[in-house]
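For the sequence shown, my numbering assigns the number 196 to the initial residue and increments by one for each residue that follows.
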Amino acid sequence: MNGQPTSLQKLNDKLILPIIIAGGSGTRLWPLSRQCFPKQFLTLDGDHSMLQTTMQRLAGIAHQPPMVLCNEEHRFAVAEQLRANQLPHSGIMLEPVSRNTAPAIALAAFHAIKNGQDPVLLVLAADHVIRDEVSFCQTVLSANAFAQAGKLVTFGIVPTSPQTGYGYIKRGNAFAQTTDLEASSAGFIIDKFVEKPDIDTAQAYLESGEYYWNSGIFMFKASVYLTELHRHRPDIYSACEQALACPLMDLDFTRIDKHAFIDCPAESIDYAVMEPLCNTVSPNDKAIVVPMDCGWSDVGTWSALWEASSKDTHGNAMRGDVIAHRTKNSYIYAQDKLVTTLGLENMVVVETKDAILIAKQSEVQHVKAIVEQLDAEQRPELKQHKQVYRPWGKYDALDNGERFLVKRISVNPGEKLSLQMHHHRAEHWIVVSGIAKVTKGDEELLLNENQSTYIPVGMVHALENPGKQPLELIEIQSGDYLGEDDIVRFKDKYGRD
């Protein structure tokens, strides 16, 4: 091809490539959000998770299949959520460690260019709420002209109240329209970024009409971002370039060089690229803010989630099995049990299978203190729920004692657990529904509903669902140690050690 782009590559260069950042731990929404299952995977409002909703709202934009970036620990949760809703994507890139948004976006940009393209990247967080999706899509499409012209665009949310939990962007002069930009495009040269203000300052920002909430949504060509990153943070540029020099494909996952990426500084795109562009001595119109009015929220706290949720006539946002009497302006979430309230106002009540949070809305920003105490005490409630997702399905811890643990296991059709053995525990499996194909040493057997088998300590075994319906079974573990790390894997289709 003599190095010339094909017509398909030229077409794809014109199509927006969404980059979905699905990192973060979401600790401010504990106990629903856990380290192994943070808020982007939760269904907080509606019928889909925040990640699924983020991808679905792109339907109004002509785009390439999105690329998703996530922590390696969350890879199977991402893959399962995309599979469950049949969401097309161009791959899932795994970060071995978290290094904030500037390196994550650099990885996506390098990856796009390695594929012979230079698309406009639309960078989105996977855990934002956007109520007016039509307005969101229209604003993105109007900003595309700026990105195609080589600008770095961020979207400023038109503020509706004096929020102290958001950073702000101050707009400068309106960007001078040129013939290569659509007449409908509305953008401003960025004057400056400002940190989270106190309430009086936030009120002044609101009244001035010159400030926007910093959404963390960006749009620019891959090559333009890399050029500016190299100019302002060559250390991040170099580390990411090395990390992606020899990517390894593993199922739908793209793995990068862990050692090179560990050496990469952790920095946000705001600090690494956008703010330096605004702080040059001479006026710089490279960084543009486009106003967006779309019912946006980053749902960073329980009170923010209450504000973004649908409410009844008493101002209550409720999900699950809830009965609320004489209760006003409260957020109530019931995951596993009936939750009843009486005489509450401006409260948050969140019930999960293993933890309950009860807080005043005015105090929810201090959930971090609870999380820190859980971490200090090494409590399991910090890391994961009783219901744990695996690449083959999920399991739910039902009961446990000193020498036993009872789980309900669900294996998706066609999936298989690793060929493994345990040094310290025996297992008894009872099929509740579906068909189980069981390997026990050299023996293979099929179990139907109400049939069972026993796996002695030290026996090599595997479990598979050969059917077209989910396999549900009860597993009873017994022994002197029942930790998840008592697994010796001999063969695993998902590449786990």
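Quick reminder that beta carbons are idealized off the backbone N, C-alpha and C, glycines included.
Does residue i come out as helix, strand or coil in the three-state DSSP assignment?
i	result
Q615	strand
A397	helix
W497	helix
F685	strand
R278	helix
P661	coil
I256	coil
A482	strand
Q230	coil
I669	strand
K309	helix
H561	helix
T508	coil
E777	The question about residue 777 has no answer, for the chain in this structure spans 196 to 692.
R691	coil
P283	coil
F413	strand
V545	strand
F383	strand
Q568	helix
L212	strand
Q582	strand
S418	helix
S220	coil
T535	strand
L642	strand
L237	coil
Q251	helix
Provide the residue(s) that pair with residue i in DSSP beta bridges, ordered along the chain.
i	result
K523	E540
S647	I625
W587	Note: W587 sits in no beta bridge, so no partner.
R514	Y528
E502	Looking at the DSSP assignment, E502 forms no beta bridge with any residue, so it has no partner.
H656	Q615 and K635
Y363	V389 and W408
N295	Per DSSP, none; premise fails for N295.
G674	R620
I553	V544
E290	N266
S605	K589 and E667
A369	F383
From residue i to residue j, what does the alpha carbon distance come to, in whole angstroms?
i	j	result
V476	V389	Residue confidence for V476 is low, a pLDDT of 47 falling below 50, so the modelled location carries little weight; the figure read from the coordinates is stated next. Near 18 Å, if we compare the C-alpha coordinates of V389 and V476.
C435	E610	34 Å
A467	I308	20 Å
I412	I216	10 Å
C489	I352	8 Å
K548	F236	17 Å
I325	D493	9 Å
Q204	P661	Confidence is the limiting factor: at Q204 the pLDDT is only 46, short of 50, which leaves the residue's position unreliable and the question unanswerable from this model.
E405	Q333	22 Å
S505	S525	12 Å
H509	A529	18 Å
L376	I565	Residue placement at L376 is poorly supported in this model, since its pLDDT is 49, which falls under 50; the coordinates still yield a value, given next. For L376 and I565, the distance between alpha carbons rounds to 50 Å.
K555	T522	13 Å
I300	R426	16 Å
E462	K578	24 Å
N541	S557	8 Å
M616	S293	32 Å
G241	A254	17 Å
S379	A342	Because the pLDDT at S379 is just 46, under 50, the model does not fix this residue reliably, and the value given afterwards should be weighed accordingly. Approximately 14 Å between the Cα atoms of the pair.
Y432	G221	27 Å
L289	V318	16 Å
K688	M262	23 Å
K602	D465	45 Å
T349	M414	6 Å
T374	V485	Residue placement at T374 is flagged as unreliable, the pLDDT there being 44, under the threshold of 50; the coordinate-derived value follows with that caveat. Approximately 18 Å between the Cα atoms of the pair.
Quick test of the definition: if touching needs 3 or more C-beta pairs under 8 Å, does the segment 264-274 touch the segment 335-344? With the cut-off at 8 Å, the segment 264-274 and the segment 335-344 do not touch.
Let me know the alpha helix (DSSP H) ranges lying completely inside the segment 315-356, each 4 residues or longer, listed in chain order. Counting only runs of at least 4 residues, the segment 315-356 fully encloses the following alpha helix (DSSP H) elements, listed from N- to C-terminal order: 328-343.
Do the segment 524-542 and the segment 593-605 meet, that is, are 3 or more Cβ pairs less than 8 Å apart? No: fewer than three Cβ pairs fall under 8 Å.
Contact the segment 390-403 vs the segment 437-454: 3+ CB pairs below 8 Å: Output reads no: the segment 437-454 does not touch the segment 390-403.
The segment 674-682 / the segment 634-641 touching (three or more Cβ pairs under 8 Å): No: the two stretches stay apart, fewer than three of their Cβ pairs being nearer than 8 Å.
For a minimum of 4 consecutive residues, which ranges assigned as the alpha helix (DSSP H) are wholly contained in the segment 428-492? Counting only runs of 4 or more, we get 429-438, 453-457 and 470-473.
Taking one C-beta from the segment 352-365 and one from the segment 269-279 each time, how about it: are there three or more such pairs within less than 8 Å? Verdict: no, contact absent.
For the 8 Å Cβ check, are there 3 or more pairs between the segment 357-369 and the segment 404-411? By the Cβ rule, the segment 357-369 counts as touching the segment 404-411, because three or more pairs are nearer than 8 Å.
For the 8 Å Cβ check, are there 3 or more pairs between the segment 454-473 and the segment 492-507? Short answer: they don't touch.
Is there contact here, the segment 249-261 with the segment 220-227, by at least three beta-carbon pairs under 8 Å? The segment 249-261 makes no contact with the segment 220-227, as fewer than three CB pairs between them are under 8 Å.
Tell me, please, whether the segment 615-631 touches the segment 649-656 by the rule of three or more beta-carbon pairs shorter than 8 Å. As far as the Cβ criterion goes, the segment 615-631 touches the segment 649-656, which means the pair count is three or higher.
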